[in-house]
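Participant: A single structure is presented below for examination.
Number of protein chains: 2
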Amino acid sequence: MVHDIQKQAAVTSFDVAKIAGVSRSAVSRAFTTGASISPETREKVLEAAAGLGYRVNLVARGLNKQRTDLVGLIVSALSTPYRAMQIDALAKQLVRDGFRPMLFCIDESMREEQLLSILLNYQVSGVVITSDAPPVAICEECARMQVPLVLIHRMDNLPFVDRVNGDDLKGGRMAADVLVQSGRRHLIAVKLEDPGYSGIARISAFHERAAELGIPSGDISVLGDEYEGGVAAAPSVLEQLDHFPGVFCPSDTVALGLLDTLRNKHAIRIPEQLGLIGYDDIPQARWAFADLTTIRQSVEDFAQVTVELLKDRIKNPDTDPHIKIVDVTLVMRGSV
Amino acid sequence: MVHDIQKQAAVTSFDVAKIAGVSRSAVSRAFTTGASISPETREKVLEAAAGLGYRVNLVARGLNKQRTDLVGLIVSALSTPYRAMQIDALAKQLVRDGFRPMLFCIDESMREEQLLSILLNYQVSGVVITSDAPPVAICEECARMQVPLVLIHRMDNLPFVDRVNGDDLKGGRMAADVLVQSGRRHLIAVKLEDPGYSGIARISAFHERAAELGIPSGDISVLGDEYEGGVAAAPSVLEQLDHFPGVFCPSDTVALGLLDTLRNKHAIRIPEQLGLIGYDDIPQARWAFADLTTIRQSVEDFAQVTVELLKDRIKNPDTDPHIKIVDVTLVMRGSV
DNA sequence: GTGAAAGCGCTAACAC
DNA sequence: GTGTTAGCGCTTTCAC
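Residue numbers (this note's numbering), protein chains in the order written: chain A, 1105 to 1440; chain B, 1105 to 1440.
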């Protein structure tokens, strides 16, 4: 048995008050920004607190204020490159702004009802959902409980629900533009089994722009998702190769699956035989085998806007829902 | 302004008790597994609670029990493929076992002191650290406060700190074995700038096994990390190519950087001109351009063991630190 | 600016 | 098995 380290008794505001020779209220005020307290008292309290190793008990504060700084972060497919970047940025931004992200990775086995009660039971300050399929029940319950909710990359139209999206319209159009500018006269979009709101928006903008430019464009519909979806698209792309097409994949992982299959299984030369553009600018897009041209969405921008929305809603719960659009930029590499 | 949805007043155990015609204690017991309460009373309570939409307030419970179900999850480089997989698995396992992960993504800008107070202020049930550089201060403070702490992939020897590691010894030896079995008579390990405990262990086991087999082995030391580290190793590998070496990278991202550079920048044929083996089995290792042989560590196994350790320590805070080793397996692909 | 008192919603010890 | 009572540690009116 190891007993070198002693259990330090929990020191409370009462202890600090005693040492500092003030009341517990004073201690509380010393640790509350903007509370009315004289600099001298605050100083005394802070000193005593430091001596005792006092920390405010956030659970007690939460009970009292009926709200904690916890924010539910609901995410699917976290191990996907773009999602991982997104959550990394989001978690950091939340902490920077004084929130504490509670992470929930959902999948088929995770019942939404269960999640819901977890979240609401903790008196969270808000909820952020970046998931392909955010359970509507959660959204509704959050609204009912007046819990601020921000949806990322979704379009569900619910009251009290704020949303942040990339500029999918611009992104889709940009993809068509760059492909056409590089000389492609036949455009193809790869459409996933379950494309999600953003995917649909990007592809429809892509086709729209193609039509404006008078360039024929079509879809390849595939079963599967991510890299596997791209792999699945390869046979159809191969069939259309004599048109020297420009292909748009609404996410980099899909583009990479396609590119990888074409280059390494079929010895297709890119961009000579086809042009390819992805979306997201994940780290792998820069890798040598890929050198993938793509549309970049800054996860930092997303994170910043998301937390901004959250704070606004907390301050002002009864305004109409906001929708924020994050800008996208073209990252030109060798695949177009 | 949208006002369709009414703010639902917070319903407390008192309300439920009144409706069910019992005391608040009875309500509490109905929601506490293993509490002594008759089935009939429980039934009445549950019914009343359902009618009112009651949920136990976990903040209040936490204040009372002096412990929440929150678990601090401290991670660096979350957007790295293996880390993302790891956190995904860990977060799911924690939730499955009744814990709630609070996610902290650390980097240079995140002061550890700050983190620490956040964590301890929330009365967390435990802390899990899977980071390249877990701040020792955090470990010590957790120990002092009797907060269970599990370290993943680390070897710091601190009292009250449990650890879970992959079987780096086996993994490193396996890497040497498979390379030698494939006919390599010259072995190289790529050593990163800051290899971390696991990296060191893997590489030293690799060399040890090489020595046992009577095969010469050396290191390539590189600046940089992950994919970039692999890129940086390429020139040195190229110099040694006439030995038809077997190269071991202590992580897949490094192996991929090397492989990608060699194949796509220098037209080196793998496995004809060199054998390559990585570590972790990230999804990208399976991609066509890579087809990377690797040592697999199951993130699910890690997650399960980690949470197990946490629960043991909570139940039994004063036992000596445990160290658990997670098995690794060889995933044979085309790069060896 | 400061202290006293009340209470956030729950659980646990204690009687019965 | 059930109700009563007493806090958990904090913030917050409300007097002063």
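For each residue, glycine too, the CB sits at the ideal point set by N, CA and C.
Quantities reported herein were computed from a predicted structural model and do not represent experimental measurements.
So, are the CB atoms of residue 1236/A and residue 1180/A less than 7 Å apart?
Facilitator: Locating residue 1236/A in the first sequence gives position 132, counting from the first residue. Locating residue 1180/A in the first sequence gives position 76, counting from the first residue. Yes, the pair counts as a contact, with Cβ atoms nearer than the cut-off.
Participant: Check whether the Cβ of residue 1182/A lies closer than 7 Å to any Cβ atom in chain B.
Facilitator: Residue numbering aside, residue 1182/A sits at position 78 when the first sequence is read from its first letter. Yes, because at least one Cβ of chain B sits closer than 7 Å to the Cβ of residue 1182/A.
Participant: Along the chain, where does the alpha helix (DSSP H) that runs through residue 1418/B open and close?
Facilitator: What you label residue 1418/B is simply residue 314 of the second sequence in a count that begins at 1. Counting along the chain, the alpha helix (DSSP H) containing residue 1418/B begins and ends at 1403–1419.
Participant: Can you tell which of 1135/A, 1306/A, 1160/A, 1374/A has its C-alpha closest to the C-alpha of residue 1116/A?
Facilitator: Residue numbering aside, residue 1116/A sits at position 12 when the first sequence is read from its first letter. Nearest of 1135/A, 1306/A, 1160/A, 1374/A to residue 1116/A, Cα basis: 1160/A.
Participant: Sorted by chain position, which residues of the same chain lie with C-beta nearer than 6 Å to residue 1152/A's C-beta, five sequence neighbours on each side aside?
Facilitator: Stepping through the first sequence from its first residue, residue 1152/A is reached at position 48. Taken in chain order, the residues that qualify are 1120, 1123, 1124.
Participant: Please report the residue range of the alpha helix (DSSP H) in which residue 1192/A lies.
Facilitator: What you label residue 1192/A is simply residue 88 of the first sequence in a count that begins at 1. It spans 1185–1200 - the alpha helix (DSSP H) in which residue 1192/A sits, taken as one unbroken run.
Participant: Out of 1276/A, 1324/A, 1378/A, 1282/A, point me to the one whose CA is closest to residue 1303/A's CA.
Facilitator: Counting from one through the first sequence, the residue named residue 1303/A turns up at place 199. The shortest C-alpha separation from residue 1303/A is found at 1276/A.
Participant: Alpha helix (DSSP H) containing residue 1339/A: first to last residue?
Facilitator: In the first sequence, counting from the first residue as 1, residue 1339/A sits at position 235. Counting along the chain, the alpha helix (DSSP H) containing residue 1339/A begins and ends at 1330–1343.
Participant: Taking only beta carbons into account, state which residues of the stretch 1211–1227 of chain B come closer than 7 Å to chain A, listed in chain order.
Facilitator: Answer set for the stretch 1211–1227 of chain B: 1221, 1222, 1224, 1225, 1226, 1227.
Participant: At the level of alpha carbons, what is the spacing between residue 1444/B and residue 1194/B?
Facilitator: Because chain B here runs from 1105 to 1440, residue 1444/B falls outside it and cannot be looked at.
Participant: Residue 1379/B and residue 1308/B: beta carbons closer than 7 Å?
Facilitator: Working through the second sequence from its first residue, we reach residue 1379/B at position 275. Working through the second sequence from its first residue, we reach residue 1308/B at position 204. No, they are not a contact pair.
Participant: Check whether the Cβ of residue 1262/B lies closer than 7 Å to any Cβ atom in chain A.
Facilitator: Translated into positions along the second sequence, residue 1262/B becomes position 158. Answer no: the Cβ-Cβ gap between residue 1262/B and chain A never drops below 7 Å.
Participant: With a threshold of 8 Å on Cβ separation, who are the neighbours of residue 1175/A within its own chain once the five nearest residues in sequence on each side are excluded?
Facilitator: As a first step, residue 1175/A is located in the first sequence; it is residue number 71 there, counting from the start. 1198, 1203, 1204, 1205, 1206, 1228, 1229, 1230, 1231, 1232, 1414, listed in sequence order.
Participant: Identify which residue in 1298/A, 1137/A, 1343/A has its Cα closest to the Cα of residue 1358/A.
Facilitator: The residue given as residue 1358/A occupies position 254 in the first sequence. Comparing Cα positions, the closest option is 1298/A.
Participant: If residue 1381/A and residue 1352/A are in contact, beta carbons under 8 Å, what's the gap, nearest whole angstrom?
Facilitator: To locate residue 1381/A, count along the first sequence from 1; it is residue 277. To locate residue 1352/A, count along the first sequence from 1; it is residue 248. That pair is a contact at about 5 Å.
Participant: Less than 8 Å between the CB atoms is what I'm expecting for residue 1321/B and residue 1293/B, so what's the real figure, rounded?
Facilitator: Along the second sequence, read from residue 1 onward, the residue named residue 1321/B stands at position 217. Along the second sequence, read from residue 1 onward, the residue named residue 1293/B stands at position 189. Residue 1321/B to residue 1293/B, Cβ: 7 Å. Contact.
Participant: Could you say which of 1344/A, 1433/A, 1223/A, 1406/A lies nearest to residue 1191/A if we only look at CA atoms?
Facilitator: Residue mapping note: residue 1191/A aligns to position 87 of the first sequence, counting from 1. Considering only alpha carbons, the answer is 1406/A.
Participant: For the stretch 1245–1305 of chain A, which segments carrying the beta strand (DSSP E) assignment without a break, of at least 3 residues, lie completely within its bounds, in sequence order?
Facilitator: The qualifying runs are 1253–1256, 1265–1270, 1291–1295.
Participant: Along chain B, in chain order, which residues have C-beta atoms closer than 7 Å to that of residue 1377/A?
Facilitator: Translated into the one-based positions of the first sequence, residue 1377/A becomes position 273. Near residue 1377/A there are no residues of chain B at all, since even the closest Cβ is about 17 Å away, more than 7 Å.
Participant: Would residue 1178/A pass as a contact of residue 1135/A if the rule is Cβ separation under 7 Å?
Facilitator: In the first sequence, counting from the first residue as 1, residue 1178/A sits at position 74. In the first sequence, counting from the first residue as 1, residue 1135/A sits at position 31. No, the Cβ-Cβ distance between residue 1178/A and residue 1135/A is not below 7 Å.
Participant: Name the residues in the stretch 1225–1256 of chain B whose C-beta lies less than 9 Å from a C-beta of chain A; which are they?
Facilitator: Correct list: 1225, 1226, 1227, 1244, 1247, 1248, 1249, 1250.
Participant: Whose CA, out of 1244/B, 1266/B, 1393/B, lies closest to the CA of residue 1372/B?
Facilitator: Within the second sequence, the letter at position 268 stands for residue 1372/B. It is 1393/B.
Participant: Are residue 1254/B and residue 1272/B touching if we call contact CB-CB under 7 Å?
Facilitator: Position 150 of the second sequence holds residue 1254/B. Position 168 of the second sequence holds residue 1272/B. In this structure, residue 1272/B does not lie closer than 7 Å to residue 1254/B by Cβ.
Participant: Can you name, in chain order, every residue of its own chain whose Cβ lies under 7 Å from the Cβ of residue 1433/B, other than the five neighbours on each side?
Facilitator: What you label residue 1433/B is simply residue 329 of the second sequence in a count that begins at 1. Cβ neighbours of residue 1433/B beyond the five flanking positions: 1400.
Participant: Got a sec: is the Cβ-Cβ distance from residue 1427/B to anything in chain A below 7 Å?
Facilitator: Position 323 of the second sequence, counted from the start, is the residue given in the question as residue 1427/B. So no, residue 1427/B is outside the interface.
Participant: Please report the distance separating the alpha-carbon of residue 1329/A from that of residue 1343/A.
Facilitator: Counting from one through the first sequence, the residue named residue 1329/A turns up at place 225. Counting from one through the first sequence, the residue named residue 1343/A turns up at place 239. Looking at the two C-alpha atoms, the distance is approximately 21 Å.
Participant: Can you tell which of 1345/A, 1377/A, 1346/A, 1337/A has the C-alpha that lies nearest to the C-alpha of residue 1360/A?
Facilitator: Locating residue 1360/A in the first sequence gives position 256, where the first residue counts as 1. Nearest option by C-alpha distance: 1337/A.
Participant: Note down, in chain order, each residue of its chain lying with its Cβ closer than 7 Å to the Cβ of residue 1289/B, except the 5 sequence neighbours on either side.
Facilitator: Working through the second sequence from its first residue, we reach residue 1289/B at position 185. Here the set comprises 1319.
Participant: I'd like to know whether the C-beta atoms of residue 1164/A and residue 1167/B end up nearer to each other than 7 Å.
Facilitator: Position 60 of the first sequence, counting from 1, holds the residue named residue 1164/A. Position 63 of the second sequence, counting from 1, holds the residue named residue 1167/B. A contact, by the Cβ cut-off of 7 Å.
Participant: In the structure shown, what three-state DSSP assignment does residue 1310/B receive?
Facilitator: The residue given as residue 1310/B occupies position 206 in the second sequence. Helix.
Participant: Check this for me: beta carbons of residue 1437/A and residue 1384/A, under 7 Å apart or not?
Facilitator: As a first step, residue 1437/A is located in the first sequence; it is residue number 333 there, counting from the start. As a first step, residue 1384/A is located in the first sequence; it is residue number 280 there, counting from the start. Taking 7 Å as the Cβ cut-off, residue 1437/A and residue 1384/A do not qualify as a contacting pair.
Participant: Enumerated in chain order, which unbroken segments of the alpha helix (DSSP H) with a length of 4 residues or greater are wholly contained in the stretch 1202–1231 of chain B?
Facilitator: Entirely contained in the stretch 1202–1231 of chain B, the alpha helix (DSSP H) runs reaching 4 residues are, in chain order, 1216–1225.
Participant: Shorter than 7 Å from the beta carbon of residue 1167/B to some beta carbon of chain A?
Facilitator: Indexing the second sequence from 1 puts residue 1167/B at position 63. So, interface residue.
Participant: Can you tell which of 1301/B, 1412/B, 1323/B, 1370/B has its C-alpha closest to the C-alpha of residue 1350/B?
Facilitator: On the second sequence, position 246 is the one that residue 1350/B refers to. Residue 1350/B has its Cα closest to that of 1323/B, out of 1301/B, 1412/B, 1323/B, 1370/B.
Participant: On the DSSP letters alone, give me the boundaries of the beta strand (DSSP E) that residue 1384/A sits inside.
Facilitator: Locating residue 1384/A in the first sequence gives position 280, where the first residue counts as 1. 1379–1384 is the span of the beta strand (DSSP E), which, as asked, contains residue 1384/A.
Participant: Taking a cut of 7 Å between CB atoms, which residues from the stretch 1144–1159 of chain A lie near chain B?
Facilitator: The residues in question are 1159.
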